[in-house]
Amino acid sequence: MQDSIVEIDTASAIQIRQFNDGFSDSYNGEEFNYTTKTGESQNLLARFINWIGQGLYNVFGIELSPQVLEILEYLIYLLLGLLVIYIVVKLLIKENFNSFFQKKAHAINDINFTEEHIETIDLNKLLKEALDSNNYRLAIRYQFLLTLQQLSKNDIIEWHFDKTNSDYLTEITEPQLKNKFKKVVYLYDYIWYGEQEIAIDKYEKSISDFETINNLLKQ
Numbered sequence: 000m001q002d003s004i005v006e007i008d009t010a011s012a013i014q015i016r017q018f019n020d021g022f023s024d025s026y027n028g029e030e031f032n033y034t035t036k037t038g039e040s041q042n043l044l045a046r047f048i049n050w051i052g053q054g055l056y057n058v059f060g061i062e063l064s065p066q067v068l069e070i071l072e073y074l075i076y077l078l079l080g081l082l083v084i085y086i087v088v089k090l091l092i093k094e095n096f097n098s099f100f101q102k103k104a105h106a107i108n109d110i111n112f113t114e115e116h117i118e119t120i121d122l123n124k125l126l127k128e129a130l131d132s133n134n135y136r137l138a139i140r141y142q143f144l145l146t147l148q149q150l151s152k153n154d155i156i157e158w159h160f161d162k163t164n165s166d167y168l169t170e171i172t173e174p175q176l177k178n179k180f181k182k183v184v185y186l187y188d189y190i191w192y193g194e195q196e197i198a199i200d201k202y203e204k205s206i207s208d209f210e211t212i213n214n215l216l217k218q
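If you read the sequence shown in numbering that gives the first Met the number 0, its first letter stands for residue 0, the second for the next number, and so on.
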């Protein structure tokens, strides 16, 4: 078997062609930029930004690149997100704020001292209701008002709705009673006006001075 010889066709030689100068420039137009969203593929915000950019170019001759327009779009999204967060937080704070003061007003306005004298109010009933609802802060308030009520009934103080606790303290002359009253005033101011929520164990420890005053008044 003999090897065959393949003849080379020199008449059909491969010709190497060159690209014309400026070839790449012909495909640099906006229609060949496949990374830029146009027409229906853009959302309303992107279209609006492009419209603004086109307006700047038409009126002032300022041309914004697609990259700048994209950055502006992201910035607007960020600002809108922050605005939504701000509104939600504002609403939550306002709701809690109103709820807090409505609750506080309800607790404070359950007794109208400008229309009623302290000796005519059934504070024991109010105290029981506060304890039944586990509202020990409000119970401390009623305990203190009960103390004022008993001091008034025993003619130790002259109760008036616009008097201060310091006024009552001045009216008490008996040393031991005065000392105990000073303690309950401090406790009452700390828990009620300091808005300190307390549990039942702390409440039970706190009422010992109130009970001591009641016992002193019975003597």
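Even for Gly, the Cβ is constructed at its ideal location relative to N, Cα and C.
*Go ahead and pull the three-state DSSP assignment for D200.*
DSSP places D200 within a helical segment (H, G or I) once states are collapsed to three.
_Given F47 as reference, the closest of L122, L125, L68 and E210 once Cα atoms are compared_ = When each option's Cα is compared against that of F47, the closest is L68.
*DSSP three-state assignment for D161, whether helix, strand or coil*: Secondary structure of D161 (DSSP, three-state): coil.
*Count the other CB atoms within 10 Å of the CB of A198; is the residue buried (16 or more) or exposed (fewer)?*
A198 is exposed by the Cβ-count criterion.
*Could you work out which residue in G60, Q142 and N134 is closest to N196 when comparing CA atoms only?*
Position check: residue 196 holds Glu in this sequence, whereas Asn was assumed. For the residues G60, Q142 and N134, the minimum Cα distance to E196 belongs to N134.
*Going by Cα to Cα distance, which pick from L137, R136 and F160 is closest to L147?*
The shortest CA-to-CA distance from L147 to any of L137, R136 and F160 is the one to F160.
*Check whether the region 183-192 touches the region 137-147, taking contact to mean three or more Cβ pairs, one atom from each stretch, closer than 8 Å.*
Yes, the region 183-192 touches the region 137-147.
*Does DSSP put E232 in a helix, a strand or coil?*
Given a span of 0 to 218 for the chain in the structure shown, any question on residue 232 remains unanswerable.
_Need the endpoints of the alpha helix (DSSP H) that Y192 sits in, please._
Here Y192 belongs to no alpha helix (DSSP H), and DSSP marks it neither H nor E.
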